[in-house]
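One structure is given here, and the rest of the page talks about it.
Protein chains: 2
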Amino acid sequence: MYRQCKIWPLAAAIFFSALAAAAPPPTTSEVIATAKPADWRAVDPQNTLYLQLDAGRVVIELAPAFAPLHVENIKRLAHEHYYDALSIVRVQDNYVAQWGDPDNRHATPSSSQSMPPEFERPLSDEVPFAALPDGDVYAPQVGFSNGLPTARDPQQRLLWLAHCYGMVGVGRDAAPTSGSGAEIYVVIGHSPRHLDRNVALVGRVLKGMPLLSGLPRGSGAMGFYEKPEQQVKIKSMRMQIDVPAADREHLQVMRTDTPTFKALVESRRNRYDGWTVHRANRVELCNVPLPVREAAP
Amino acid sequence: MYRQCKIWPLAAAIFFSALAAAAPPPTTSEVIATAKPADWRAVDPQNTLYLQLDAGRVVIELAPAFAPLHVENIKRLAHEHYYDALSIVRVQDNYVAQWGDPDNRHATPSSSQSMPPEFERPLSDEVPFAALPDGDVYAPQVGFSNGLPTARDPQQRLLWLAHCYGMVGVGRDAAPTSGSGAEIYVVIGHSPRHLDRNVALVGRVLKGMPLLSGLPRGSGAMGFYEKPEQQVKIKSMRMQIDVPAADREHLQVMRTDTPTFKALVESRRNRYDGWTVHRANRVELCNVPLPVREAAP
Chain A
-18 MYRQCKIWPL AAAIFFSALA AAAPPPTTSE VIATAKPADW RAVDPQNTLY
32 LQLDAGRVVI ELAPAFAPLH VENIKRLAHE HYYDALSIVR VQDNYVAQWG
82 DPDNRHATPS SSQSMPPEFE RPLSDEVPFA ALPDGDVYAP QVGFSNGLPT
132 ARDPQQRLLW LAHCYGMVGV GRDAAPTSGS GAEIYVVIGH SPRHLDRNVA
182 LVGRVLKGMP LLSGLPRGSG AMGFYEKPEQ QVKIKSMRMQ IDVPAADREH
232 LQVMRTDTPT FKALVESRRN RYDGWTVHRA NRVELCNVPL PVREAAP
Chain B
-18 MYRQCKIWPL AAAIFFSALA AAAPPPTTSE VIATAKPADW RAVDPQNTLY
32 LQLDAGRVVI ELAPAFAPLH VENIKRLAHE HYYDALSIVR VQDNYVAQWG
82 DPDNRHATPS SSQSMPPEFE RPLSDEVPFA ALPDGDVYAP QVGFSNGLPT
132 ARDPQQRLLW LAHCYGMVGV GRDAAPTSGS GAEIYVVIGH SPRHLDRNVA
182 LVGRVLKGMP LLSGLPRGSG AMGFYEKPEQ QVKIKSMRMQ IDVPAADREH
232 LQVMRTDTPT FKALVESRRN RYDGWTVHRA NRVELCNVPL PVREAAP
């Protein structure tokens, strides 16, 4: 034993100098800074929605691959200027902010129609899915599909969007077919994953989350504002293509089907940031950020 | 095969009529409403901290079982009125709100001392732990310890608090021993569980979260407010026992080691609320709420 031990100092010296020579894996900032042009994609202008408030603009990318009829109806409602001058009526702490017309006082044919429950969809090779490595409490598999946090069940051959922070959904009443788009919500707290497969998620916020997450919480049941003057007026809600060119955003999001995104995920699983002392070696679906940047017009 | 099948209709009829006769399990509201006095405990006045802002009071219950020396130092700093007239200086969206003295301009001996890294503790029979049934992405086991979301590793014989929404921690610099209590943060977004075992968590907010989670987000790096006038002044931070009796809270929290709490957890795993169409049959640690109520003085 002792003789063997004698060689350890040399072996250790070689091992540790090799470690020192290897650079640590990149941090999240480094992954983003060194991403190549092909690691980014433009946001689809046909599916970009602007929620305009006095305080600024919230940019939402819609997800027609998951809820095509809901998305189509929201586009129709936006074209009809249905949402303009409606309000944010509900902000429930650690849950959702919600806008629209909960009492159907401004009902239109589009805002009143019955909708199929697009809460999940069949697995299909047409819908990309880049799996994450660390499992999930709620679903057999989780990962990303074109920037969207997604869960799936290979046995049931089903795929659905996950209620992560910043995801946008269509409120409904007790009837699963009642989500016309008259009420829209965004997740502002710990991800309420129990809502998965119960609501049609229609997209995610790419820019402007603090305009919603930082709103005063409503003091009524379920976070509804109790006085009309507490509600936050919607100036307009428009599809990007209906906005003058000079007033459009030029956002790009990081692609989620690339080695660069894998490196980004790894930089969240194990942080070599000079601060972390215990690296998790794990990451939850809803703790993976989606990098978004402004591109030149 | 066919003969066997002939008895199915009768068996099925018995089975489904039995199901119909049984009342559905209680909802979360029903569990809370029917909880008995013994299902609640008073908050420990020796470990209750009030963060007083112009907009109201945030009540924090401290966790000396997990970070005894950090808790002791925060009590000392509160007794010394160290926090009074300091400010909330940082609100980072989907992450934390933080207050204190990041630049050490108001340093005192207590606010400058080196602290042992109380990021995890040995498993012990003295520390209660009620396990949850559905696993976790980050830890081998999760559950509740006296109302605190907790993770543990039976092999390593370690136990630690989990960074769920509303948990309160002690900010530190790169040195693990630098968390004196000069900076304190609260989680206001999706639970950043990668911080587990990297920081001393010292308690959780029981009341007043919207006063922190609803603050405007800072526009500087890491959510720091860029202008001093954006900072939110702390009126005072005091232990409950240092506040006049007439001005004290009388909060009770639901015990987490009872059959009632198990029923509460079950009511979150499977919701019989007339709205849910797909019951998750799962619940994440950070999606289990801790009921808090006002008691008569």
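Taken in sequence, the protein lines are chains A and B.
Read in my numbering, the first sequence has 24 at position 43, and its numbers run on one by one without any break.
Read in my numbering, the second sequence has 134 at position 153, and its numbers run on one by one without any break.
In this text, a Cβ means the ideal position worked out from N, Cα and C, and glycines have one as well.
- Contact note: residue 195(B) reaches chain A through 195, 196, 197 and 198, using a C-beta cutoff of 7 Å and chain order.
- At a cut-off of 4 residues, the continuous stretches assigned as alpha helix (DSSP H) that sit fully inside the segment 121 to 197 of chain B are 190 to 194.
- Against residue 246(B), chain A offers no close residue; the least beta-carbon distance is about 12 Å (beta-carbon pairs closer than 9 Å).
- Non-local beta-carbon contacts of residue 38(B) in its own chain, meaning distances under 6 Å to residues more than five positions away in sequence, involve 31 and 189 in chain order.
- For residue 58(B), the enclosing alpha helix (DSSP H) has its first and last residue at 49 to 60.
- Non-local C-beta neighbours of residue 242(B) in its own chain, meaning closer than 8 Å and more than five positions away in sequence, comprise 20, 111, 125, 235 and 236, ordered along the chain.
- In this structure, residue 116(A) and residue 118(B) form a Cβ contact; the two beta carbons are roughly 6 Å apart against a cut-off of 8 Å.
- In the three-state reduction of the DSSP assignment, residue 258(A) falls in the coil class, being assigned neither a helical nor a strand state.
- In the structure shown, residue 245(A) falls within a helical segment according to DSSP collapsed to helix, strand and coil.
- Ranked by Cα distance from residue 177(B), the options 232(B), 101(B), 170(B) and 105(B) are led by 101(B).
- Counting only residues of its own chain and dropping the five nearest sequence neighbours on each side, residue 71(A) has a CB closer than 6 Å to the CB of 79, 199, 204 and 205.
- Annotation: residue 275(B) is outside any alpha helix (DSSP H); the continuous beta strand (DSSP E) that includes it extends over 273 to 275.
- Assignment of beta-bridge partners to residue 112(A) by DSSP yields 124(A).
- Counting only the Cα atoms, residue 167(A) lies some 18 Å from residue 49(A).
- Within 9 Å of the CB of residue 63(B), no CB atom of chain A is found; the nearest one sits about 24 Å away.
- The beta carbon of residue 89(B) is closer than 8 Å to those of 58, 61 and 63 in its chain, skipping five residues each way along the sequence.
- Taking 8 Å as the cut-off, the beta carbon of residue 142(A) is found no closer than this to the beta carbon of residue 133(A).
- For residue 13(A), the uninterrupted alpha helix (DSSP H) segment begins and ends at 9 to 15.
- Using beta-carbon distances, residue 152(A) does not count as an interface residue toward chain B, since no partner is under 8 Å.
- Residue 195(B) and residue 34(B) have their C-alpha atoms spaced approximately 13 Å apart.
- Bounds of the beta strand (DSSP E) holding residue 217(B) are 213 to 220.
- When DSSP states are grouped into helix, strand and coil, residue 201(B) belongs to the coil group.
- For residue 227(A), the closest C-alpha among the options 277(A), 17(A) and 150(A) is that of 277(A).
- The C-alpha of residue 15(B) is placed about 18 Å away from the C-alpha of residue 23(B).
- It is roughly 27 Å from the alpha-carbon of residue 76(A) to the alpha-carbon of residue 240(B).
- In the DSSP assignment, residue 105(A) falls outside any beta strand (DSSP E) and carries neither an H nor an E.
- The Cβ of residue 135(B) sits no closer than 8 Å to any Cβ of chain A.
- Residues of the segment 152 to 175 of chain A with a C-beta less than 9 Å from any C-beta of chain B: 153, 154, 155, 157, 168, 169, 170, 171, 172, 173, 174 and 175, listed in chain order.
- Beyond the five residues adjoining it in sequence on each side, residue 36(B) comes within less than 7 Å, by CB distance, of 192 in the same chain, given in chain order.
- Residue contact with chain A for residue 51(B): absent (no Cβ-Cβ distance below 8 Å to any residue of chain A).
- A Cβ-Cβ distance of about 7 Å is found for the pair residue 145(B) and residue 171(A), placing them in contact under the 8 Å criterion.
- For a Cβ distance threshold of 7 Å, residue set 75, 170 and 171 of chain B lies close to residue 146(A), ordered along the chain.
- The Cβ atoms of residue 83(B) and residue 207(B) do not sit closer than 8 Å to each other.
- At a C-beta separation below 7 Å, residue 255(B) has these neighbours in chain A: 155.
- Of the candidates 244(A), 73(A) and 261(A), 261(A) places its Cα closest to the Cα of residue 251(A).
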